[in-house]
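>
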């Protein structure tokens, strides 16, 4: 039976991450085949490995791998060698020799079931005599005890079905392979009956439309309705480069009248606070998270991460992040003690808790990110490595790649997220089909913060998805560079900029050696930025053509270089292209591969050079390519487009447009969003209006019901404001003190509230009361309160005005309060 015919199979690509060494004989085989043998000095190669000249009689190859034991039916494990030419050799699995050199490896399948270990590292060793290893290898896991493979190598592993539309749609069968480096290879099974149905969705698209340079022509960002002043929680998980753009976004939202809390890692507290935003600490250490991502180049763990226990460490951090996202939405400021309950959430996807917190609070969510996370036929998911074939439409595979990433992400974190929902949020657990389609089914608004001059909006993205332009945090113009840096810039040709951001977990010493030798070969000058180098100015490796710098603003430094070479972080990429600099990207993980591909597509730099494959030769060629007139012209063209954009302004408008304003605007006074509902009058009112009405004795506190500005489609608990009941009572007491100028005793008797409740517990400061509402407070009485409410009710009845959102959830609100 061929593995193509197997209904359930797991086929893992074994071509990457081999160590290679040449030897004169096999006398050292006992040591080389041992797991304890140190092969770190061996050359790293991929298969098939071909060298024209072979000087030694023995060519050794070693590779580690790890397996998790499957539940249920027994699994069988096979190594399959594809045919290229006749090769003989020896094979060891975990120091046990399973094949002698008199056997041919070509088109061979070996059962290794009894030799593999679970939950620990395994070792496969090959010894090929008088030749290098020209074959490809895959590991096949199946239920079949006897398996014959005579077909060419395929990289297929994770089998399943995913619907291509949001609801009730014929599913596609797909398989995806997890490569050794942690990226995902995707293949959709051939089935003619699906092709026409799917392709019709893209029949109007072509390359020009998919990569069009303009946003939606309809100016859907122009609003005629007032925007209430919201309490916004921005949640960001990532490095400083991920946080910095959202500081710019938060500052612009503050200028628009909102209260903004930026929740991110503790290490960025000072950075956030000194830019005038509120801060709340999220769990997780960005250095550890970056190290994990660099090691695995994505969401799927490599063998070394499994062996070293990195997965469990990463899961612990994810639990901390999830729990802290909820606290970020509801806990008081940890420095001032000022109360806080979010009216809206803005988040990047890696916080993972964003949509669950939004559902619990019944508030809107807005996703904002530096790489595409919404399914499209225009390009694949950045974490997917797609090998296109003529059998399938390109857009089909691109579209499906997003669902595969969602499925694999959910599979890895399902227990963590459901425990968070159950134990922390008191919500029902999600099943797989809910979780993997939740963002799409709910049409959660997205704003992607890159320039449409580089990547235009795909035509299959709806009106709820926008591309705003890059977010730039403008630094002050008073930066004074060190005198040594000024002299370095004056004393020679314009240098390159080289920096690899917050990368950790990589062989930085080896990386720095490659950079130095490349500069020497081309007689290039360079400014090298970052602590990643592990060296100082006193180091002997630092020659006169290199200047080391740490904290220097990109917007100043990049004006003085001829080209930039970096890791491909969205912020660094934006800073270079904004100034028209040719860009060389050396990606390590995540969206860095995406930006490397996009820069190359625009002609502003060479194809990306993955960090693990970087060497002197390819880096030298990239430097030369970046200096060509064609590349410089392409970079300057992008500069012109980016300078015409205002990313943060467009993002604020996109956020406002996506708000459910018909649900959020408070009746009577619209400065603040509706938080409460008065069933007797069919009114939704804001917190300050509630203060006035209760202080004026027009209503009593028990008449207020919680009001939900965003109703999520699946059932969940809405009783969050029970947690805030005490804070609300405290608030009423403090506001009453500001409204009535009677004695302390009279004020407490009026509301029948304890005198110990202090003004500091108020959710909304009376200092920020809108001018019109302040006038109402100053002269409001019980009679005028009731008069206004009654008049408003009559106007609604006369105009037949209805609030379908409130009516729909009236029973639900009453039930949960």
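Residue numbers (my numbering): 848 to 1664. Note that CB positions come from ideal geometry on N, CA and C, so glycine has one too.
#1: Can you tell me where the alpha helix (DSSP H) holding residue 1088 begins and where it ends?
#2: Would you give the residue range spanned by the alpha helix (DSSP H) that residue 937 belongs to?
#3: Do you know offhand how far residue 1521's Cα is from residue 1171's?
#4: Since I believe residue 934 is in contact with residue 945 (beta carbons under 8 Å), could you give me their beta-carbon distance rounded to a whole number of angstroms?
#5: In whole angstroms, give me the CA-to-CA distance for residue 1547 and residue 1179.
#6: Provide the residue(s) that pair with residue 1215 in DSSP beta bridges, ordered along the chain.
#7: Helix, strand or coil for residue 1079? Go by DSSP, reduced to three states.
#8: Using a Cβ cut-off of 9 Å (strictly closer), state whether residue 1526 contacts chain D.
#9: Spatial neighbours of residue 895 within its chain, please: C-beta separation below 7 Å, excluding the five flanking residues on both sides.
#10: What first and last residue would you give for the beta strand (DSSP E) that runs through residue 983?
#11: Is the separation between the beta-carbon of residue 1348 and that of residue 1413 shorter than 9 Å?
#12: Within the continuous beta strand (DSSP E) that includes residue 1373, where are the two ends?
#13: Cα-Cα, which of 873, 1538, 1344 is closest to residue 1431?
#14: Between residue 1377 and residue 1427, is the Cβ-Cβ spacing less than 9 Å?
#15: Looking only at DSSP bridge pairs, what is residue 859 linked to?
#16: Using the Cα positions of residue 1280 and residue 1209, report the straight-line distance between them to the nearest angstrom.
#17: In terms of DSSP beta bridges, what is residue 1412 paired with?
#18: Alpha carbon to alpha carbon, what distance is there between residue 905 and residue 1094?
#19: Do residue 1211 and residue 1557 have their C-beta atoms within less than 9 Å of each other?
#20: Is it the case that the Cβ atoms of residue 1415 and residue 1434 are separated by a distance below 9 Å?
#21: For residue 1483, which of helix, strand or coil comes out of DSSP?
#22: How should residue 862 be labelled, buried or exposed, when 16 other C-beta atoms within 10 angstroms of its C-beta is the threshold for buried?
#23: Taking the straight line between their C-alpha atoms, what separation do you get for residue 1085 and residue 1136?
#24: What does the alpha-carbon distance come out to for the pair residue 1460 and residue 1533?
#25: Quick check on the DSSP output: the beta strand (DSSP E) that includes residue 1119 runs from which residue to which?
#26: Check each candidate in 960, 929, 883, 889 and name the one with the smallest Cα separation from residue 921.
#27: Cα-Cα, which of 1119, 1300, 1308 is closest to residue 1222?
#28: Using the C-alpha atoms, what's the distance from residue 1463 back to residue 1424?
#29: For my contact list, residue 1192 and residue 1201 are in at a C-beta cut-off of 8 Å; report their separation, rounded to the angstrom.
#30: Does DSSP put residue 1490 in a helix, a strand or coil?
#31: Taking C-alpha atoms, which residue in 1206, 1215, 1187 lies nearest to residue 1197?
#32: May I ask you to report which of helix, strand or coil DSSP gives residue 1313?
#33: Is the segment 1492 to 1503 close to the segment 1468 to 1482, with three or more CB pairs under 8 Å?
#34: Hey, how far is the Cα of residue 1560 from the Cα of residue 1274?
#35: Look at the alpha carbon of residue 1111 and the alpha carbon of residue 1409, and state the distance between them as a whole number of angstroms.
#36: Measure how close the beta-carbons of residue 1129 and residue 1189 come, nearest whole angstrom, since I'm counting them as under 8 Å.
If we stick to the structure as given:
#1: 1087 to 1102
#2: Where residue 937 is concerned, there is no enclosing alpha helix (DSSP H), although the beta strand (DSSP E) around it starts and stops at 936 to 940.
#3: Looking at the backbone, the Cα of residue 1521 and that of residue 1171 are separated by about 26 Å.
#4: Rounded, the Cβ-Cβ distance is 16 Å, inconsistent with contact.
#5: 26 Å
#6: 1294
#7: strand
#8: Absent from the structure: chain D. Only one protein chain is present.
#9: 931, 980, 981, 982, 983
#10: First-last for residue 983: undefined, no H or E at that position.
#11: yes
#12: 1373 to 1376
#13: 1344
#14: no
#15: 986
#16: 21 Å
#17: 1345, 1431
#18: 58 Å
#19: yes
#20: yes
#21: Residue 1483: helix per DSSP, three-state reduction.
#22: By the Cβ-count criterion, residue 862 is buried, with 16 or more other Cβ atoms from all chains shown falling within 10 Å of its own Cβ.
#23: Between the alpha carbons of residue 1085 and residue 1136 lies a distance of about 8 Å.
#24: 57 Å
#25: Counted as a single uninterrupted DSSP element, the stretch harbouring residue 1119 is not any beta strand (DSSP E) but the alpha helix (DSSP H) occupying residues 1116 to 1120.
#26: 960
#27: 1308
#28: 25 Å
#29: 6 Å
#30: helix
#31: 1215
#32: strand
#33: no
#34: 14 Å
#35: One C-alpha to the other measures close to 34 Å.
#36: That pair is no contact at about 14 Å.
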